[in-house]
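K.L.:
Sequential numbering from 33 applies to the sequence shown in my numbering.
Where a beta carbon is used, it is the ideal one built from N, C-alpha and C, also for glycine.
Computed from a predicted model, the values in this text were never measured in an experiment.
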Amino acid sequence: MGFSARISLVSILTIATTFELVLNRVIVRLVPRPKAAAATKAGIYDAIDSFGLFFFYFVGLLALGLVAWGVVVLIRDRKLLDIASRTVLAIAGALFLPLAALGQVIQLPAAVAPHLNTAFGVFIASLVVITLRRNISLRHKIGIVYLAAPLLLHVYWLLTQQITAIAPVGARADLPSRLFEIGEHMVIVGAFVAFFFFAPLARVRSFFEPIPLAVAIIITGAVGAFAQLRYPVAAQAAYYGLGINLPAPSFQEALHLAALFWFTLTATGLFSRGGAERGLGYGLVLIALSGFQLQLPYQFLLTAAGMLLLLRGALASESEREVEEQRSHASAPKPEQWKRYLERVAEPDDAIEAVVLQNERSHIARLRATRDGRELTVRVIARGAQVEELELTLGSRPRGDAPACLSRRRNRRGHRVPGERGTRVDFDSEYTLRDNTGGVAEALSSPDLREGLARLLHGTLRIWPEEGLRYTTRPLEDGWPLPVAEIAFDPEGAGTEDVQALVALLASIADRTQI
Numbered sequence: 033m034g035f036s037a038r039i040s041l042v043s044i045l046t047i048a049t050t051f052e053l054v055l056n057r058v059i060v061r062l063v064p065r066p067k068a069a070a071a072t073k074a075g076i077y078d079a080i081d082s083f084g085l086f087f088f089y090f091v092g093l094l095a096l097g098l099v100a101w102g103v104v105v106l107i108r109d110r111k112l113l114d115i116a117s118r119t120v121l122a123i124a125g126a127l128f129l130p131l132a133a134l135g136q137v138i139q140l141p142a143a144v145a146p147h148l149n150t151a152f153g154v155f156i157a158s159l160v161v162i163t164l165r166r167n168i169s170l171r172h173k174i175g176i177v178y179l180a181a182p183l184l185l186h187v188y189w190l191l192t193q194q195i196t197a198i199a200p201v202g203a204r205a206d207l208p209s210r211l212f213e214i215g216e217h218m219v220i221v222g223a224f225v226a227f228f229f230f231a232p233l234a235r236v237r238s239f240f241e242p243i244p245l246a247v248a249i250i251i252t253g254a255v256g257a258f259a260q261l262r263y264p265v266a267a268q269a270a271y272y273g274l275g276i277n278l279p280a281p282s283f284q285e286a287l288h289l290a291a292l293f294w295f296t297l298t299a300t301g302l303f304s305r306g307g308a309e310r311g312l313g314y315g316l317v318l319i320a321l322s323g324f325q326l327q328l329p330y331q332f333l334l335t336a337a338g339m340l341l342l343l344r345g346a347l348a349s350e351s352e353r354e355v356e357e358q359r360s361h362a363s364a365p366k367p368e369q370w371k372r373y374l375e376r377v378a379e380p381d382d383a384i385e386a387v388v389l390q391n392e393r394s395h396i397a398r399l400r401a402t403r404d405g406r407e408l409t410v411r412v413i414a415r416g417a418q419v420e421e422l423e424l425t426l427g428s429r430p431r432g433d434a435p436a437c438l439s440r441r442r443n444r445r446g447h448r449v450p451g452e453r454g455t456r457v458d459f460d461s462e463y464t465l466r467d468n469t470g471g472v473a474e475a476l477s478s479p480d481l482r483e484g485l486a487r488l489l490h491g492t493l494r495i496w497p498e499e500g501l502r503y504t505t506r507p508l509e510d511g512w513p514l515p516v517a518e519i520a521f522d523p524e525g526a527g528t529e530d531v532q533a534l535v536a537l538l539a540s541i542a543d544r545t546q547i
C-alpha cells in the first residue's frame, strides 16, 4: 500500500488545515475577545478558540503520521528509490520526525528549537537530492527544487534569529533579511509557475474547463474584493494565515492576485484528475496552507507532507508513463502486420509499394497500390497506443484547394460531433458540403450513398472532379478511436471493417465524380 493509497487521509488533512488556518491563525488572532459583559459573544469566541486549538493539535498529529508513513513507504519500495536515496531519506527522517513529534506535545526549549529548524532543512534538502537523482520529468525536478529553495532560505533566516552567534555582522548584517525577502518573492513567483511545472502538458486544456476556471475566478475575485474594501484586515489575515506580506492596492497587489489565480487553477485542475496528478495537487495545497512563517512544528510537518506528496506524485507519474510506453510498444504492430492490415483494408488489384517507418513512440505506414484501375494510397500515422491520423487518396494527388469538400460538423469546442460505429445519423444536419462545381452535390445525392457517408465519414473528404479525392481523419478527435492493438491482434475487428467499407465507399464516389 503506497502513500497515494492514503489519499483520503490527505484530503482530511487538507480540510482540517483549512479550518485551522481560518479559526486558529486568523480569527482568534484578528478578533479581540469580547468583554465579560457580552457573555454570548464571549462564549462564541471561546468556542471558536477551542475549535481552533483542536484543529491545531489534530493537524499536527495527522501530518506527523502521514510524513512518517510516507517516509516508510519510500524507504521500503526498492523500485522507487535506490539504496543511497533510501539511506539519505532515513537519516533525514530520523533527525526531523522525533523533534517534530516532541514539539507537538510540549513547547520546545529555546535551546532545542534551532535543532528542529535544522532538521527540517536537512529533510527538505534530502528530498531535493533524491529528486535530482531520480529519473523523473525535468519539469517536476525543476518545480520541486524551486519550491524547496525559499524553504531553505527561510531555514537560514530563522537560524540567524535563533542563534545570534551565526548571524552575519558588519556590512553583511542584513544578508539574512534580504535572503528572506528573496524567499518571499520566490513564493509568489512559485504560485505563478506551478502551472508550468506540474500541469500535465498532454491534458492542459482540461485545466481551462468550467469548474477549474470558475473556482479560480471566484476565489481570486473574493480575495481581491476583500483586499480592496478592507485592506488592513486583509493584510493582517494574509500575514497571520500564510506568512505573506500583502502589498497595498497597487500593481504589485495585482501580481499577487494573478499568482493566486494561477495557483488555484493549477490545484483545482490537478484535483480533478486521478492518481499521481491528484497527489501533486494535494502537495501544492498543503505547502500553501502551511504558510511561510514556518516556526511551529505542525507548520514544518505540513510543509514536509506537501513536499513528500510532490516527490511521490512525480515518481508515480514517471512510473505511469513508463508503463504506458511499455504497453504501447508491446502492442505495436510489427512491419509485417502493418502491411497485412493495409492490404486488407485497401483490397488492391496489386500492391506497388508498402513502407513502414517506426520507432519506440510512433509508426508511419503507407501503401501505394491500384484499385479498379485507379491509384490508391493509404497512409496511417500512429503514436502510442492509438492511430493518430488516417489518410486515403484515390486517383492522382492534386494540389491546391479542392473545389468540393464534405466534413462532419463540429461542436462548440471545435471537436467533431462523435457517433458510434454503425450509428445512423441525419446527413443534412450532421454534415457540411461546400461545392464550387455543382456536380459533386448531385453526385452525392443518392440516399444509399448518403446513408453510407453518414455511417462511415468522420473526417474531411476533399474532391477534385476528374482528378482525385482525399479523405483525412484523426480518429481520436473525430470520435472513433482506433487502437493499434486492434491492427496488430484483431485484423478482423470493427475498425478494420469500417475502413474497408470506407475505401469501397470512396471508390463509389470516385466513379460518380469521374475520377
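1) Report yes or no: do the stretch 426-444 and the stretch 469-481 share at least 3 C-beta pairs separated by less than 8 angstroms?
2) Identify the continuous alpha helix (DSSP H) that holds Gly253 and give its terminal residues.
3) Where does Glu452 sit, in a helix, a strand or coil, going by DSSP?
4) Three or more beta-carbon pairs under 8 angstroms between the stretch 331-350 and the stretch 368-377, yes or no?
5) Please report the distance separating the alpha-carbon of Glu285 from that of Pro279.
6) Which residue from Val377, Leu389, Ala397 and Asp382 puts its Cα closest to that of Val535?
7) Using DSSP with H/G/I as helix, E/B as strand and the rest coil, what is Trp370?
8) Beta-carbon separation of Arg406 and Leu426 under 8 angstroms?
9) For Ile107, which residues of its own chain have a beta-carbon under 7 angstroms away from its beta-carbon, when the five flanking residues on both sides are left out?
10) So is His217 buried or exposed if we call it buried at 16+ other beta carbons inside 10 Å?
11) Please report how far the alpha carbon of Pro132 lies from the alpha carbon of His288, in whole angstroms.
12) For chain B, is any of its Cβ atoms less than 8 angstroms away from the one on Pro244?
13) Residues in the same chain with beta-carbon distance under 6 angstroms from Ile251, minus the five sequence neighbours each way, listed in chain order, please.
14) Where does Leu164 land, buried or exposed, given buried means 16+ other C-beta within 10 angstroms?
15) Using 8 angstroms as the cut-off, can you tell me whether the stretch 162-181 makes contact with the stretch 145-152, which would need three or more C-beta pairs spanning the two stretches below that distance?
16) Does the distance from the CB of Val91 to the CB of Tyr330 come in under 8 angstroms?
17) Please go through the same chain and pick out, in chain order, the residues whose beta-carbon is closer than 7 angstroms to the beta-carbon of Glu462, but skip the five residues on each side of it.
18) How many Å lie between Asp433 and Ile276 at the Cα?
19) Suppose you measure from the CA of Asn468 to the CA of Leu501; what does that come to, to the nearest Å?
20) Going by the beta-carbon positions, is the gap between Leu55 and Phe87 smaller than 8 angstroms?
21) Kindly indicate the opening and closing residues of the beta strand (DSSP E) around Arg494.
22) Unbroken alpha helix (DSSP H) runs of length 4 or more, entirely within the stretch 403-433: which are they?
23) Considering only their Cβ atoms, is the gap separating Pro281 from Gln549 smaller than 8 angstroms?
24) Consult DSSP for Arg440 and reduce its assignment to one of helix, strand or coil.
25) Quick test of your reading: Phe293 and Ala248, contact by CB under 8 angstroms. State the CB separation rounded to the nearest angstrom.
26) Measuring straight from C-alpha to C-alpha, what distance separates Val412 and Arg398?
27) Return the CA-CA distance between Val531 and Leu98, expressed in angstroms with no decimal places.
28) Rounding to the nearest angstrom, what Cα-Cα distance links Phe128 and Phe155 in this structure?
29) Could you say which of Thr49, Tyr314 and Leu85 lies nearest to Val137 if we only look at CA atoms?
30) How many Å lie between Arg415 and Ser351 at the Cα?
31) With burial defined as no fewer than 16 other Cβ atoms inside 10 Å of the residue's Cβ, what is the status of Pro141: buried or exposed?
32) Note down, in chain order, each residue of its chain lying with its Cβ closer than 8 angstroms to the Cβ of Gly102, except the 5 sequence neighbours on either side.
33) Relative to the C-alpha of Thr7, which candidate in Thr545, Ala116, Phe229 and Pro479 has its C-alpha closest?
34) Less than 8 angstroms between the beta carbons of Ala231 and Phe224, yes or no?
35) Tell me the rounded alpha-carbon separation between Leu537 and Leu481.
36) Could you tell me whether the Cβ atoms of Pro479 and Gln418 are closer together than 8 angstroms?
P.N.:
Concretely, from the data shown:
1) Contact holds: three or more Cβ-Cβ distances are below 8 angstroms.
2) Going by DSSP, Gly253 is part of the alpha helix (DSSP H) stretching over Pro242 to Leu261.
3) The predicted position of Glu452 is uncertain, since its pLDDT is 43 and thus under 50; no value can be drawn from it.
4) No contact exists between the stretch 331-350 and the stretch 368-377.
5) Spanning the two alpha carbons is a distance of roughly 5 angstroms.
6) Minimum Cα-Cα distance from Val535 among the listed residues Val377, Leu389, Ala397 and Asp382 corresponds to Val377.
7) For Trp370, the three-state secondary structure derived from DSSP is helix.
8) Taking the C-beta atoms as reference points, Leu426 is found nearer than 8 angstroms to Arg406.
9) Apart from the 5 residues on each side of it in sequence, Ile107 sits with its Cβ closer than 7 angstroms to the Cβ of Arg118, Leu121 and Ala122 in its chain, given in chain order.
10) So His217 ends up on the exposed side.
11) Correcting the residue identity first, residue 132 is Ala in this sequence and not Pro. Each residue's alpha carbon lies about 31 angstroms from the other.
12) No chain B appears in the structure shown, which is made up of a single protein chain.
13) Cβ neighbours of Ile251 within its own chain (closer than 6 angstroms, five residues either side excluded): Thr296.
14) Leu164 is exposed by the Cβ-count criterion.
15) Contact fails: fewer than three Cβ-Cβ distances are below 8 angstroms.
16) Yes.
17) The beta carbon of Glu462 sits closer than 7 angstroms to the beta carbons of Arg440, Arg441, Val449 and Ala486 from its chain, once the five residues preceding and following it are set aside; these are given in chain order.
18) Roughly 59 angstroms separates the two Cα atoms.
19) Distance between the alpha carbons of Asn468 and Leu501: 15 angstroms.
20) Closer than 8 angstroms, so yes.
21) In this chain, the beta strand (DSSP E) harbouring Arg494 covers Thr492 to Trp496.
22) Counting only runs of 4 or more, we get nothing.
23) Shown here, the chain extends from 33 to 547; a query on residue 549 therefore has no answer.
24) Reduced to three states, the DSSP call for Arg440 is strand.
25) Right, the Cβ-Cβ distance comes to about 5 angstroms (below 8 angstroms), so this counts as a contact.
26) The C-alpha of Val412 lies about 6 angstroms from the C-alpha of Arg398.
27) If you take the alpha carbons of Val531 and Leu98, they lie about 53 angstroms apart.
28) Using only the alpha carbons, I get a separation of about 7 angstroms.
29) Measuring C-alpha to C-alpha distances from Val137 to each of Thr49, Tyr314 and Leu85 identifies Leu85 as the nearest.
30) Counting only the Cα atoms, Ser351 lies some 19 angstroms from Arg415.
31) Pro141 comes out exposed.
32) Around Gly102: Phe35, Ala337, Leu340, Leu341 and Arg344.
33) Since the first residue shown for the chain is 33 and the last is 547, residue 7 is missing from the structure and cannot be characterised.
34) Contact: no.
35) Across the structure, Leu537 and Leu481 are spaced so that their CA atoms are roughly 8 angstroms apart.
36) No, they are not a contact pair.
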